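Report on the structure given below.
In the numbering used here, the protein residues as written are 6 to 148.
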């Protein structure tokens, strides 16, 4: 079997292992094996093939992997579910106190409590959602 074909098989095996593990390192090694397959196809001797593999693998793991991981581990920009409701305005349907009440948030009716338990918020007032606790919105009146 030709050396370039062996490197191609190694690249394919590493690529499949990367898909299964999602470590980013095996993908970089797969790229290194692919580059080495190209160098073997042009007739580079075996010791130099290993040198090409080592140099490309080192370069990709040291320089490319940290950049890839930084993009993968980036904090979530968009908020979803109940987290997206925090900061939204709400309309008070029934008086909101530290014990309870009802508000409408984005067309949905929610149970609510005043964020400051000493406040009494009358119906018809606009409030801001400060926090969601279970199925209850903690709200604070707008000034």
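Glycine included, every Cβ here is placed at the ideal spot set by N, Cα and C. Keep in mind it's a predicted model, so treat the numbers as computed, not measured.
Original post:
So what does DSSP say about residue 6, is it helix, strand or coil?
Top reply: In the chain shown, counting from the first residue as 1, residue 6 sits at position 1. Under the three-state reduction of DSSP output, residue 6 falls in the coil class, being neither helix nor strand.
Subject >> Cβ-Cβ separation, residue 36 to residue 65 (assumed contact under 8 angstroms), whole Å >> reply: Mapped onto the chain shown, residue 65 falls at position 60. Mapped onto the chain shown, residue 36 falls at position 31. Confirmed, about 6 angstroms.
**OP:** Quick one: measure Cβ to Cβ for residue 144 and residue 108, integer angstroms, because I've assumed they're closer than 8 angstroms.
**Re:** Indexing the chain shown from 1 puts residue 144 at position 139. Indexing the chain shown from 1 puts residue 108 at position 103. Cβ atoms of residue 144 and residue 108 come within 8 angstroms of each other, at about 6 angstroms.
Original post:
Is it buried or exposed for residue 44, if we count other Cβ within 10 angstroms and need 16 for buried?
Top reply: Stepping through the chain shown from its first residue, residue 44 is reached at position 39. Buried is the call here.
Subject >> Expected contact under 8 angstroms - CB spacing of residue 93 and residue 106 to nearest Å >> reply: Locating residue 93 in the chain shown gives position 88, counting from the first residue. Locating residue 106 in the chain shown gives position 101, counting from the first residue. At roughly 16 angstroms, the Cβ-Cβ gap does not stay under 8 angstroms, so residue 93 and residue 106 are not in contact.
Original post:
Between residue 22 and residue 70, what straight-line distance do the alpha-carbon atoms span, to the nearest angstrom?
Top reply: To locate residue 22, count along the chain shown from 1; it is residue 17. To locate residue 70, count along the chain shown from 1; it is residue 65. The alpha-carbon atoms of residue 22 and residue 70 are separated by roughly 16 angstroms.
Original post:
For residue 70, does the three-state DSSP call read helix, strand or coil?
Top reply: For the purposes of this step, residue 70 is taken as residue 65 along the chain shown, with counting starting at 1. Reduced to three states, the DSSP call for residue 70 is helix.
**OP:** Taking residue 59 as the reference, give the member of 24, 33 and 81 with the closest Cα.
**Re:** Counted from its first residue, the chain shown places residue 59 at position 54. Closest option to residue 59, Cα to Cα, is 33.
**OP:** Please list, in chain order, all residues of the same chain as residue 131 whose beta carbon is under 8 angstroms from its beta carbon, the five residues on each side excluded.
**Re:** The sequence position of residue 131 within the chain shown is 126, counting from 1. Take residue 131, set aside five residues on each side of it, and the residues of its chain with a beta-carbon closer than 8 angstroms to its own are 94, 95, 96, 97, 146 and 147, in chain order.
Original post:
Relative to the C-alpha of residue 151, which residue among 82, 142, 102 and 83 is closest?
Top reply: Since the first residue shown for the chain is 6 and the last is 148, residue 151 is missing from the structure and cannot be characterised.
Original post:
Is DSSP giving residue 98 helix, strand or coil here?
Top reply: On the chain shown, residue 98 is found 93 positions in, with the first residue counted as 1. The answer is strand: DSSP assigns residue 98 an E or B state.
**OP:** Tell me whether residue 124 sits in a helix, a strand or coil according to DSSP, three-state version.
**Re:** Counting from one through the chain shown, the residue named residue 124 turns up at place 119. Here DSSP, grouped into helix, strand and coil, assigns residue 124 to coil.
Original post:
I think residue 16 touches residue 46, with their Cβ atoms under 8 angstroms apart; what is that distance to the nearest whole Å?
Top reply: Working through the chain shown from its first residue, we reach residue 16 at position 11. Working through the chain shown from its first residue, we reach residue 46 at position 41. Not quite, the Cβ-Cβ distance comes to about 12 angstroms (not below 8 angstroms), so this is no contact.
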